[in-house]
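Line by line, the protein sequences give chains A and B. Take the working numbering: the final residue in the first sequence is number 217, and no numbers are missing along the way. Take the working numbering: the final residue in the second sequence is number 515, and no numbers are missing along the way. Idealized CB from N, CA, C, for every residue including glycine.
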Amino acid sequence: MSIVLFRIDERLIHGQVVIGWGHQLRPDRYAVVDDDLAGSAWEQDLYRLGAGTADVVFATTEDARGRLPEWRDDPLRTILLTRDVTTMWRLGAGGMLAGDRVNLGGLHHGPGRRELLTYLHLTAADEDHLVKLAAEGVEVSAHDLPDAHRVPLETLLEG
Amino acid sequence: MNEAEPALGVVVGHAAMAEGLVQATQRITGGLAECLAPLSNDGKTPDQLKSELEGMVADSRSVVFVDLQSGSCGMAALACCRDSVRRVVVSGVNLPMLLDFVFNRELPFEELVPRLLESGRASIASMPATE
Numbered sequence: 059m060s061i062v063l064f065r066i067d068e069r070l071i072h073g074q075v076v077i078g079w080g081h082q083l084r085p086d087r088y089a090v091v092d093d094d095l096a097g098s099a100w101e102q103d104l105y106r107l108g109a110g111t112a113d114v115v116f117a118t119t120e121d122a123r124g125r126l127p128e129w130r131d132d133p134l135r136t137i138l139l140t141r142d143v144t145t146m147w148r149l150g151a152g153g154m155l156a157g158d159r160v161n162l163g164g165l166h167h168g169p170g171r172r173e174l175l176t177y178l179h180l181t182a183a184d185e186d187h188l189v190k191l192a193a194e195g196v197e198v199s200a201h202d203l204p205d206a207h208r209v210p211l212e213t214l215l216e217g
Numbered sequence: 385m386n387e388a389e390p391a392l393g394v395v396v397g398h399a400a401m402a403e404g405l406v407q408a409t410q411r412i413t414g415g416l417a418e419c420l421a422p423l424s425n426d427g428k429t430p431d432q433l434k435s436e437l438e439g440m441v442a443d444s445r446s447v448v449f450v451d452l453q454s455g456s457c458g459m460a461a462l463a464c465c466r467d468s469v470r471r472v473v474v475s476g477v478n479l480p481m482l483l484d485f486v487f488n489r490e491l492p493f494e495e496l497v498p499r500l501l502e503s504g505r506a507s508i509a510s511m512p513a514t515e
């Protein structure tokens with residue numbers, strides 16, 4: 059229960075996460091799962107600037123899959139972030155996130171993406187990956203801020 | 385007083401904050417504020433925001449003002465400025481800081497930046513004072 063939020067947000071550690079969600083969930087740690095960032099010390103330093111007093115760990119997807127049980131059992135309250143759908147899907151493949159809730163935060167407009175909400179634009183591949191995550195028992199919904207309306211995946215994809 | 389190439393100021397902020405701050409500076413100083421440009425993060429990916437900022441700063445000696453040190457605006461600014469001695473990031477932007485900037489932007493960074501920080505901090509007060 060110590061992973062208090064799984065979130066997909068291309069901005070990773072930023073105001074909505076640190077202030078909006080952080081104020082409510084009081085995380086001790088942010089676990090950023092990203093194959094590129096895990097090897098980029100200068101970018102890690104930039105993200106750490108935004109995390110306040112919370113610890114920040116960076117992991118590749120493969121490494122994170124191995125560390126999920128440790129983060130779940132750890133008393134430290136962890137917010138786990140990926141900046142794209144594919145990484146969360148790879149993290150959860152095989153039922154690793156079954157029973158968890160994955161929060162879709164900011165994914166903005168770009169080539170090949172369709173707008174589902176003002177803050178949520180997905181490619182066809184993203185939609186496919188999210189459907190597969192849901193089929194594995196993950197509750198997927200769009201929810202940019204704690205006091206905002208939560209929109210379940212099935213409602214999103216009806217639009 | 386040492387003089388340098390007058391700096392460009394770019395204000396990067398959440399929602400409409402940057403636009404509002406630049407408009408307010410223009411309202412007070414008139415044409416002097418033409419050296420300031422706003423950039424909002426609204427609806428932009430981190431890469432889009434950084435790319436727009438790079439385009440605005442281009443080759444100019446620049447001060448990039450951001451509202452929050454963390455977050456998409458701060459990240460874009462820090463990534464944009466990290467490899468250039470002609471660019472500097474100042475976070476916690478407020479109106480007094482921008483007013484000071486438009487009147488002193490010809491100062492070299494080693495003089496300009498400390499006075500911007502001081503003018504921004506000095507304007508934060510409670511009335512009546514609590515101490």
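Three-way DSSP call (helix, strand, coil) for residue i in this model
| i | result |
| --- | --- |
| Ser-475/B | strand |
| Leu-392/B | strand |
| Tyr-88/A | strand |
| Ile-61/A | strand |
| Arg-172/A | strand |
| Val-441/B | helix |
| Pro-512/B | coil |
| Arg-470/B | coil |
| Asp-94/A | coil |
| Leu-483/B | helix |
| Ala-399/B | coil |
| Leu-405/B | helix |
| His-72/A | coil |
| Thr-327/B | The structure shown does not extend to residue 327/B, since chain B is modelled only from 385 through 515, so no value can be given for it. |
| Ser-503/B | helix |
| His-166/A | coil |
| Leu-203/A | coil |
Interface partners of residue i on chain A, CB under 7 Å
| i | result |
| --- | --- |
| Pro-430/B | Glu-68 and Arg-69 |
Contacts that residue i makes with chain B (C-beta to C-beta distance below 8 Å)
| i | result |
| --- | --- |
| Gly-152/A | Under the 8 Å cutoff, chain B gives no residues; its nearest Cβ is about 29 Å from Gly-152/A. |
| His-166/A | Gly-427, Lys-428, Thr-429 and Gln-432 |
Cβ-based neighbour list, residue i, same chain, cut-off 7 Å, excluding 5 preceding and 5 following
| i | result |
| --- | --- |
| Ala-117/A | Ala-89, Val-91, Ala-96 and Arg-125 |
| Ala-112/A | Pro-85, Asp-86, Arg-87 and Tyr-88 |
| Asp-451/B | Gly-397, His-398, Met-401, Cys-457 and Val-477 |
| Cys-465/B | Val-448, Arg-471, Val-472 and Val-473 |
| Gln-483/B | Note on residue identity: the sequence assigns Leu, not Gln, to residue 483/B. Excluding sequence neighbours, Leu-483/B sits near Thr-409, Ile-412 and Thr-413. |
| Arg-69/A | Gly-164 |
| Leu-134/A | Ser-60, Asp-86 and Arg-87 |
| Ser-424/B | Gly-397, Ala-399, Ala-400, Ala-402 and Glu-403 |
| Leu-83/A | Val-62, Leu-63, Arg-135 and Ile-137 |
Neighbouring residues, chain B, relative to residue i (Cβ below 7 Å)
| i | result |
| --- | --- |
| Leu-104/A | Met-459, Leu-462 and Ala-463 |
Neighbourhood of residue i by C-beta distance below 8 Å, restricted to the same chain and skipping five residues each side
| i | result |
| --- | --- |
| Gly-80/A | Gly-110, Ala-112 and Ile-137 |
| His-166/A | Glu-68, Tyr-177 and His-179 |
| Pro-430/B | Ser-456, Met-459 and Ala-460 |
| Val-497/B | Val-447, Val-472 and Val-474 |
| Leu-433/B | Val-396, Leu-423, Asn-425, Ser-456, Cys-457 and Ala-460 |
Close beta carbons around residue i, own chain, < 6 Å, minus the five adjacent residues each side
| i | result |
| --- | --- |
| Arg-106/A | Val-114 |
| Ser-444/B | Leu-392 |
| Glu-194/A | Gly-153 and Ala-156 |
Contact test: residue i Cβ vs the ligand HEM heavy atom, cutoff 6 Å
| i | result |
| --- | --- |
| Tyr-105/A | In the structure on display, the ligand HEM does not appear, and there are no ligands present to speak of. |
Positions along the segment 64-88 of chain A whose CB lies within less than 9 Å of some CB in chain B:
Glu-68, Arg-69, Leu-70, Ile-71, His-72, Gly-73, Gln-74, Val-75, Val-76 and Ile-77
The segment 407-420 of chain B touching the segment 143-162 of chain A, judged by at least three CB pairs closer than 8 Å
no
Contact list for the segment 445-478 of chain B against chain A, Cβ threshold 8 Å
Leu-452, Gln-453, Ser-454, Gly-455, Ser-456, Gly-458, Met-459, Leu-462, Ala-463 and Arg-466
Using a beta-carbon distance cut-off of less than 7 Å, what residues from the segment 194-215 of chain A approach chain B?
none
Quick check: the segment 77-96 of chain A against the segment 167-182 of chain A, are there 3 or more CB pairs under 8 Å?
no
The segment 164-176 of chain A / the segment 119-130 of chain A touching (three or more Cβ pairs under 8 Å)
no
Under 7 Å, CB to CB, which of the residues in the segment 108-142 of chain A have a partner in chain B?
Gly-108
Is the segment 65-82 of chain A touching the segment 197-212 of chain A in the sense that three or more CB pairs, one from each, lie closer than 8 Å?
yes
Cβ contact check for the segment 387-395 of chain B and the segment 488-498 of chain B: 3 or more pairs under 8 Å:
yes
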